[in-house]
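This report refers to the structure that appears directly beneath it.
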Amino acid sequence: MSSYIDAFEKATGQPAPPEAGKLDQLFNQIRQGKTLPPRGQQAVAMGLTAHTLNDAREDPALFAYYRWVMTHCFKSGQVNELTARLIGMAFTSANIFDTDLPQPLTLNPWQLTPMLDFPLKNKQAVVIENNGVFALLHQEHPDWPLILQSGNDFNEVYVQLIQRLEARGIRYVYLGDLDSAGIQMADQFARLLKQTPAEEVAALQQPTDVRLWLADLGKIDVRRTKQRKVVSPVYQAEMTTIALFGKFIEQEQLMGVYEERIAEWLEAAEV
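Using the UniProt record's numbering, read the sequence shown as starting at 1 and increasing by one per residue.
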């Protein structure tokens, strides 16, 4: 039996949840002092959904077990993980503006006006919905031009900068969760733009890709696959596929695909 499961059951008098053994791999990496990716990526690597280790509502019993082990089996400061918490959340980007300030750069409302016409470092940007995926991509590819969309945070500063950067020639592609909410956010982002068609925004995550990925990697969840209203035809097609399959895919599951496609997209523009 796992030493962690054994310790939990002896201390609490409760049986460990069925999937508790999956966490042994993670706990052993912590003991070995390994640097861990963001927590969502940790969960997906063990075959769990990305929110399992962050949100008690996803799997309450497993979350309680995880928190117990983390609290009772490891010392404070022993866990070395890449954080997905990005302070400010107004507009966070990497390698968009031509500055020698450390990246990523998070701008607040007081910085908006001077940044609207600040010199640009790149004329392409990959917009990433998920904090952890953004953080990991930046760590692995520190020169890539990335913008964090950060869920539903279409705040005024974000919208003004996105639209101004597009007017100055920035080309966007968007990558997000392949569930109902994620597709709706992608559609909302595409509708912010004045010159760029939604099909171009969806270039790295097209309807044909969605069908194949859902068939191979999709997880069933009726809550995350309900039909939602979207406007752009490309996202209508993706929403319909998700609703028909009744399956979803989180961004963390597609990291390998992302790295290949982003590299190709950036290189194609340089030719």
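Backbone N, C-alpha and C fix where the C-beta goes; we use that ideal spot for every residue, glycine too.
Bear in mind that the values here come from a model prediction, so they are computed numbers and not experimental data.
Identity of the residue in 254, 233, 182 nearest residue 223 by Cα: For the purposes of this step, residue 223 is identified with residue 223 of the sequence shown, where counting begins at 1. Nearest of 254, 233, 182 to residue 223, Cα basis: 182.
With 16 other Cβ atoms within 10 Å as the buried cut-off, status of residue 185: Here residue 185 is taken as the residue at index 185 of the sequence shown, counted from 1. Answer is buried; the Cβ neighbour count reaches 16.
Per-residue DSSP class, three states only, for residue 229: The count along the sequence shown starts at 1 and reaches residue 229 at position 229. Residue 229: coil per DSSP, three-state reduction.
The segment 137 to 148 contacting the segment 96 to 109, beta-carbon criterion three pairs below 8 Å: yes
Rounded C-alpha distance that separates residue 200 from residue 37: Residue 200 sits at position 200 when you count from the first residue of the sequence shown. Residue 37 sits at position 37 when you count from the first residue of the sequence shown. Approximately 30 Å between the Cα atoms of the pair.
Alpha carbon of residue 56 to alpha carbon of residue 218, nearest angstrom: By 1-based counting over the sequence shown, the position of residue 56 is 56. By 1-based counting over the sequence shown, the position of residue 218 is 218. Those two C-alpha atoms are separated by around 22 Å.
Spatial distance of residue 230 from residue 65 (CA atoms): Translated into positions along the sequence shown, residue 230 becomes position 230. Translated into positions along the sequence shown, residue 65 becomes position 65. Near 39 Å, if we compare the C-alpha coordinates of residue 65 and residue 230.
At least 3 beta-carbon pairs within less than 8 Å: the segment 159 to 169 vs the segment 206 to 217: no
Cβ contact check for the segment 68 to 79 and the segment 4 to 16: 3 or more pairs under 8 Å: With the rule of 3 Cβ pairs closer than 8 Å, the segment 68 to 79 counts as touching the segment 4 to 16.
Assigned exposure category for residue 220 - 16 Cβ within 10 Å defines buried: Against the sequence shown, residue 220 aligns to sequence position 220. When all chains shown are included, residue 220 counts as exposed.
Local conformation of residue 58 per DSSP, three classes: Here the question's residue 58 lines up with position 58 in the sequence shown. If DSSP states are grouped into helix, strand and coil, residue 58 belongs with coil.
Rounded straight-line distance, which links the Cα of residue 128 to that of residue 89: Here residue 89 refers to the residue found at position 89 of the sequence shown. Here residue 128 refers to the residue found at position 128 of the sequence shown. With a pLDDT of 49 at residue 89, under the threshold of 50, the predicted position of this residue should be treated as unreliable, though the coordinate-derived value follows. Computed Cα separation, rounded: 13 Å.
Length of the line joining the Cα atoms of residue 247 and residue 50: Here the question's residue 247 lines up with position 247 in the sequence shown. Here the question's residue 50 lines up with position 50 in the sequence shown. Cα to Cα, the separation comes out at about 15 Å.
Residues near residue 40 by beta carbon distance below 6 Å, same chain, minus five either side: The residue labelled residue 40 in the question sits at position 40 within the sequence shown. Closer than 6 Å at the Cβ level, and outside the excluded window around residue 40, lie 50, 132, 252.
Buried or exposed (CB count within 10 angstroms, at least 16 for buried), residue 108: Numbered from its first residue, the sequence shown carries residue 108 at position 108. Burial call: exposed.
Bridge partner(s) assigned by DSSP for residue 107: Along the sequence shown, one-based indexing puts residue 107 at 107. According to DSSP, residue 107 bridges with 91.
Proximity of residue 145 and residue 122 at Cβ, strictly below 8 Å: As a first step, residue 145 must be located in the sequence shown, where it is residue number 145. As a first step, residue 122 must be located in the sequence shown, where it is residue number 122. Using a Cβ distance threshold of 8 Å, residue 145 and residue 122 count as a contacting pair.
N- and C-terminal bounds of the alpha helix (DSSP H) containing residue 195: Position 195 of the sequence shown, counted from the first residue, corresponds to residue 195. No alpha helix (DSSP H) contains residue 195, which DSSP labels as neither H nor E.
According to DSSP, residues forming a beta bridge with residue 30: Mapped onto the sequence shown, residue 30 falls at position 30. Answer is none; residue 30 lacks a bridge partner.
Beta-carbon proximity of residue 80 to residue 35, cut-off 8 Å: Residue mapping note: residue 80 aligns to position 80 of the sequence shown, counting from 1. Residue mapping note: residue 35 aligns to position 35 of the sequence shown, counting from 1. Yes.
Helix, strand or coil at residue 200 according to DSSP, with G and I counted as helix: Here residue 200 is taken as the residue at index 200 of the sequence shown, counted from 1. It is helical.
Cβ shell of residue 25 (< 7 Å), same chain only, five flanking positions each side left out: In the sequence shown, residue 25 corresponds to position 25, counting from 1. Cβ within range, chain order: 46.
Member of 120, 240, 215 whose CA lies at the smallest distance from the CA of residue 171: Position 171 of the sequence shown, counted from the first residue, corresponds to residue 171. Among 120, 240, 215, the Cα nearest to that of residue 171 belongs to 120.
Close Cβ partners of residue 193 (< 6 Å) along its chain, the five nearest in sequence each way excluded: In the sequence shown, residue 193 corresponds to position 193, counting from 1. Same-chain partners within the cutoff: 166.
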